[in-house]
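In terms of the working numbering, the sequence shown opens at residue -7 and continues consecutively.
Each remark here refers to the structure printed beneath this line.
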Amino acid sequence: MKVTKRDWLFATVVAIVLGILLLNTGKEKARRVPADDRHRPFLQRLARGADREEVERECATCHNARSIALPGNHPPKEQCLLCHVRKG
């Protein structure tokens, strides 16, 4: 079976698309949870094995419309630690 110019073009396009997808997967899009005094108690509870959902409910005590507001395009605030990575 002969490999034609069209086959090479298709393979090149597939390689470019895969390359773009692989380059974008390594980027961290969400901010990390800071390891400061304000967040440390929550991070320590998680490290001790506390329920993620229980800890996330307390994020809203500071991150609300009156204090540290979330951007308008922010996903549901009950799922903080699904996106926000804990600093090691």
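C-beta: ideal position from N, C-alpha, C; glycine also.
The structure presented is a predicted model; accordingly, all values stated were derived computationally and were not measured.
Anticipated Cβ contact below 8 Å, residue i with residue j, distance rounded
i, j, result
"C72", "E48", "5 Å"
"R32", "L38", "So it is not a contact: roughly 11 Å between Cβ atoms."
Status (buried if at least 16 other CB within 10 Å, exposed otherwise) for residue i
i, result
"C54", "exposed"
"C75", "exposed"
Local conformation of residue i per DSSP, three classes
i, result
"V5", "helix"
"A52", "helix"
"I60", "coil"
"R40", "coil"
"N16", "helix"
"V47", "helix"
"K(-3)", "helix"
Extent of the continuous alpha helix (DSSP H) run through residue i
i, result
"A27", "From DSSP, A27 is part of no alpha helix (DSSP H); its letter is neither H nor E."
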